[in-house]
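Residue numbers for the sequence shown follow full-length UniProt numbering, beginning at 1 and rising by one.
Structure first, then comments.
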Amino acid sequence: MTGIFIAAGFALILFFLERVFPLRKRKRDTFSRLTVNIAVSMTTFTVAFLLIRPTTSFFLGWTASTPFGLIRWLRLTGLWETLVGFLLLDLSFYYWHITNHKIPFLWRFHNVHHMDLDLDVSTGFRFHPGEVALSTIFRAIQVALIGVSVSTFVIYEAIFQIGTFFHHSNLRLPLRLERVLNLIFVTPRMHGIHHSNFKKETDSNYSVVFSVWDRLHRTIGLGISQEEIDIGVPGYAMKKDNHLKQVMILPFAQQREYWKDESGHKRLSRGEEIRRRVQWLAE
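Right, dumping it as structure tokens:
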């Protein structure tokens, strides 16, 4: 529970800081967005409490009492168990994130997160409860196959939540500082590109805590200025699409063409520069 309070406190600090030092201009009224995002998150937290928490607790207990799991097979203990377990948890979330983008059924739910017309710390907890329910299967497999200890899992979960709030925030950091941080961690400018309404840019920057996974898998996309980025999904960019009722029923409704805007233009790519300019984040 301590980790939850720390993450919540960190999110609250970011909420105020991103209003003093904004990275991108807002497109929507803050109050209306927050109302929707908080309402969605309350149902999501309920599902997580009822499904994910008992499921992960069961498999953490099971792996602790059996020789099953990669950590057990490698006979890692102490600091090595923590380091390797932490890295494997983060790497597996990278793959799960890609899976949510590539499998159409899962994307129906994950789109609720991406169709937010602004990106800030509140987007970091705007996930459809259906996405969280479906992720229960992944979490069970993740914990069992890795064989991670309870302590490592708790440490990762706290940093995972803090990292999620941080890179979704609309906080403008000094560019030099963020470039240094981004050598190791996912940062607001990096993840802002992932929430771009160009498909090629959305199909980049899947990492959660460590940016190295995108670098190793060549899915990293940097060098796009935040002023060039429009947040959202073109096919769901109308104001009414982000009303609470529409957000909640979206995965079960007939889907529009995601990357075609109101004028009928497909927003697939702004060119190849995202692949060429991969060294540094831009202003």
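Glycine included, every Cβ here is placed at the ideal spot set by N, Cα and C.
Nothing here was measured: the structure is a model prediction, and the numbers come from that model.
If you draw a straight line from the alpha carbon of V36 to that of D261, how long is it in whole angstroms? Their backbone Cα atoms lie some 23 Å apart in a straight line.
Buried or exposed for A48, going by 16 or more other Cβ atoms inside 10 Å? buried
Which complete alpha helix (DSSP H) runs does the stretch 231-279 hold, if anything under 4 residues is left out? 244-249 and 273-276
Rounding to the nearest angstrom, what Cα-Cα distance links M42 and V233 in this structure? 23 Å
Using DSSP's beta-bridge definition, name the partner residues of S196. I231
Within a Cβ cutoff of 6 Å, which residues of the same chain sit near A11, ignoring the five residues on either side of it in sequence? Taking C-beta separations shorter than 6 Å and ignoring five residues to either side along the sequence, the partners of A11 in its chain run V121 and F165, following chain order.
Quick check on DSSP: helix, strand or coil for F109? helix
For the alpha helix (DSSP H) holding Y95, just list the boundary residues, first then last. G78 to K102
Which partner residues of L171 appear in the DSSP bridge assignment? P22
What would DSSP say about F138, mapped onto helix, strand or coil? helix
Do the stretch 171-186 and the stretch 128-135 meet, that is, are 3 or more Cβ pairs less than 8 Å apart? Not touching, per the Cβ criterion.
Which residues bound the alpha helix (DSSP H) around G61? R53 to A64
What residues in its chain sit with their C-beta under 6 Å from that of Y156, if we drop five residues either side in the sequence? F86 and L89
For H113, the nearest candidate out of F210, H191, E18 and L17 (CA to CA): H191
Host alpha helix (DSSP H) of R215 (start-end): V212 to H217
Please report the distance separating the alpha-carbon of L117 from that of F16. 19 Å
Hey, could you find the ends of the alpha helix (DSSP H) T187 is sitting in? Note, T187: premise wrong, no alpha helix (DSSP H); not H, not E.
Three-pair Cβ contact test at 8 Å for the stretch 49-57 versus the stretch 101-115: no
H265, buried or exposed, once every other Cβ within 10 Å from all chains shown has been counted against 16: exposed
How should Q161 be labelled, buried or exposed, when 16 other C-beta atoms within 10 angstroms of its C-beta is the threshold for buried? buried
Just to confirm the assignment, what range does the alpha helix (DSSP H) spanning M42 have? T30 to V47
Under a three-way DSSP split, which group does N67 fall into? According to the sequence as given, residue 67 is Pro; it is not Asn. Three-state DSSP puts P67 in coil, outside helix and strand.
Contact between the stretch 196-207 and the stretch 219-229 (3+ Cβ pairs under 8 Å): yes
Output the distance between the C-alpha atoms of R275 and S169, rounded to the nearest integer angstrom. Summary for R275: the model assigns pLDDT 48, below 50, so the residue's position carries little reliability; its value from the coordinates is reported in the next sentence. If you take the alpha carbons of R275 and S169, they lie about 24 Å apart.
Local Cβ density within 10 Å of P104, reported as buried at 16 or more and exposed below that: exposed
C-alpha distance - S196 paired with D230, whole-angstrom precision: 6 Å
What three-state label does DSSP hand S225 in the structure shown? In the three-state scheme derived from DSSP, where H, G and I count as helix and E and B as strand, S225 is classed as coil.
Length of the line joining the Cα atoms of R33 and N242: 8 Å
CB of A282 within 8 Å of CB of S225, strictly: Cβ atoms of A282 and S225: closer than 8 Å.
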